[in-house]
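Below: the structure, in structure tokens.
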Amino acid sequence: RTPSFFRDETFRGDFTFENSPESIRRFPFPFDRDQYMYAVNIEQHMPGPPKSATAFPIDIDEHYVAEMADRAKVLAEDPLRCQSLPHMITAEWDLLELLMTSMARDYPQWFSLHRDGDRWHWVNRPLGIDQRFTFGDAATLPYGPMEYVTRQCQGDFCLLDQRDDNLWLDAGIVTSQADWSLDFDLGMNFIEWHGPVPRAHDMGIFERALKFLLNLQIGRPIRRLNWTMTINPRLDTSPENYHRWGIDRTTVTPENVGDKVHLRVELQALWRLPRSNAIVFSIRCYLIKMRELVTVPKWGRRFHRVLRDLPADLADYKGLTNYRATTLEWLAPYDDGAPTSPGF
Ligand code: HEM
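Residues 21 to 364 (the working numbering) are what the sequence shown spells out, left to right.
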């Protein structure tokens, strides 16, 4: 095997996932102050600094090949992780265009796309794929257009249909989710699928966010960060597989915190799609173990404070109540009590 930028690693079984020092430096640390509360934390999806997670609209990193292998395993076991209602086919093609053009433009060393009218030629070197197809003709691809392109792109994707002043979750591929189910949520609207979230409904957050999204313009994507915690670097923490990973939450000890407990950050971006007027919602998951996190002193200090002061209902909802105290004890030596300044 020739050495490669892409890591050979697993997100299940022996859990060999790790971040390189470069990957730690570019981790999208989500806290801009020492406390956390829900907010309408939406900003324009503008290019960030070179090499950062937001340098390009679609972020491909060293975990790409391993993540795509994990997605293929999830889909082989459970095809319902990828579903699309019939009226979403135009949005699927919109998504394929968005991802292929972004990836080929921003990572020409790995991907290329040649278009001659509706005759397209896509090359994906890391995954060894060379595909000619007719844009708009699903019979010329081995999967539907959404499934085809998202088997080759990191992150989960939801396609939202807009009608009746609401957004409807009518298609998606969801294999690396923080404990929610596409099969359960398919066909629900924005307010319905957010039903289980504590506080945010009463704070008016979903009402304001929805209003904002209904006016999302073509070519002006937006993004936000969300976070939770996960035991072991497991991408597929789905309700469908809860019997496999739920028990992990009871296995955290003072000895294994540094390696087992992960901060899980979702970089979520939303684009208006041109042909369908649908919206695509991408959920790109970044994992970092506590031992890696504390190599950046201001992150260790701040995360200790955020976790310590997180309201109990949010901690319960995020599923981290079981191992919170053990993690806090482990983090405490990394918090020297120094004041921090707002910002990342
Ligand atoms: C949680 C989907 C946009 C705020 C969730 C959950 C889902 C979801 C499935 C988990 C709910 C559960 O427990 O079952 C989506 C989709 C979106 C979207 C498909 C695309 C339109 C937004 C936006 C906001 C937002 C724009 C802005 C405020 C939240 C919050 C949570 C949440 C605060 C709780 C997260 C946590 O505490 O870990 N979302 N969401 N969502 N969503 Fe969204």
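Just so it is clear, CB atoms sit at the ideal spot from N, CA and C, and this is done for glycine as well.
At the level of alpha carbons, what is the spacing between A92 and G68?
Rounded to whole angstroms, A92 to G68 spans 30 Å at the Cα level.
If you check the beta carbons only, do N235 and N209 fall under 7 Å apart?
Contact: no.
Inter-residue Cα distance where the pair is F204 and P359:
The alpha-carbon atoms of F204 and P359 are separated by roughly 44 Å.
With 16 as the cutoff for other CB atoms within 10 Å, does R21 come out buried or exposed?
For R21, the predicted model reports a pLDDT of 45, less than 50, meaning its position is unreliable; a value from the coordinates is still stated below. By the Cβ neighbour-count rule, R21 is exposed, with fewer than 16 other Cβ atoms within 10 Å of its own.
Residues bridged to S104 by DSSP?
Partner(s): A191.
Could you tell me whether the segment 254-266 touches the segment 61-81, where touching means 3 or more Cβ pairs closer than 8 Å?
The segment 254-266 vs the segment 61-81: no contact.
From the DSSP secondary-structure annotation, give me the bridge partner or partners of A73.
Note: A73 sits in no beta bridge, so no partner.
Counting along the chain, where does the beta strand (DSSP E) carrying N252 start and finish?
Neither: N252 is in no beta strand (DSSP E) and is coded neither H nor E.
Could you tell me the alpha carbon to alpha carbon distance between Q182 and D356, rounded to whole angstroms?
So the alpha carbons of these two residues sit roughly 49 Å apart.
Buried or exposed for V217, please, with buried defined as at least 16 other CB atoms from any protein chain shown within 10 angstroms of its CB.
Looking at its Cβ environment, which holds fewer than 16 other Cβ atoms inside 10 Å, V217 is exposed.
F49: CB within 6 Å of a non-hydrogen atom of the ligand HEM
For F49, the CB stays at least 6 Å from every heavy atom of the ligand HEM.
Along the chain, where does the beta strand (DSSP E) that runs through H141 open and close?
Secondary structure note for H141: its beta strand (DSSP E) is the uninterrupted segment 139-144.
Taking 6 Å as the cut-off, is the C-beta of I225 nearer than that to any heavy atom in the ligand HEM?
Checking the Cβ of I225 against the ligand HEM gives yes.
Go to T154, then tell me how far its beta strand (DSSP E) extends in each direction, as first and last residue.
Where T154 is concerned, the enclosing beta strand (DSSP E) starts and stops at 149-154.
For R32, which option in M123, D256, A59 has the closest C-alpha, if you only look at C-alpha atoms?
Here the closest residue by C-alpha is D256.
Nearest to D184 by alpha carbon, out of A158, I225, G192, K231?
For the options A158, I225, G192, K231, the alpha carbon positioned closest to that of D184 is the one of K231.
Under 8 Å by Cβ, that's how I've got S104 and G175 pegged, so tell me the actual separation to the nearest angstrom.
With a Cβ gap of about 17 Å, S104 and G175 do not count as contacting.
With DSSP collapsed to three states, give me the class of S201.
Coil.
Could you check whether the Cβ of K338 sits closer than 6 Å to any heavy atom belonging to the ligand HEM?
Because some heavy atom of the ligand HEM lies under 6 Å away, the Cβ of K338 counts as near it: yes.
When we look at the beta-carbon of T347 and count the other beta-carbons within 10 Å, is it buried (16 or more) or exposed?
By the neighbour-count rule (16 or more Cβ atoms within 10 Å), T347 is buried.
Please work out which residues of its chain come closer than 6 Å, Cβ to Cβ, to T170, disregarding the five sequence neighbours upstream and downstream, and give them in chain order.
Taken in chain order, the residues that qualify are F177, I193.
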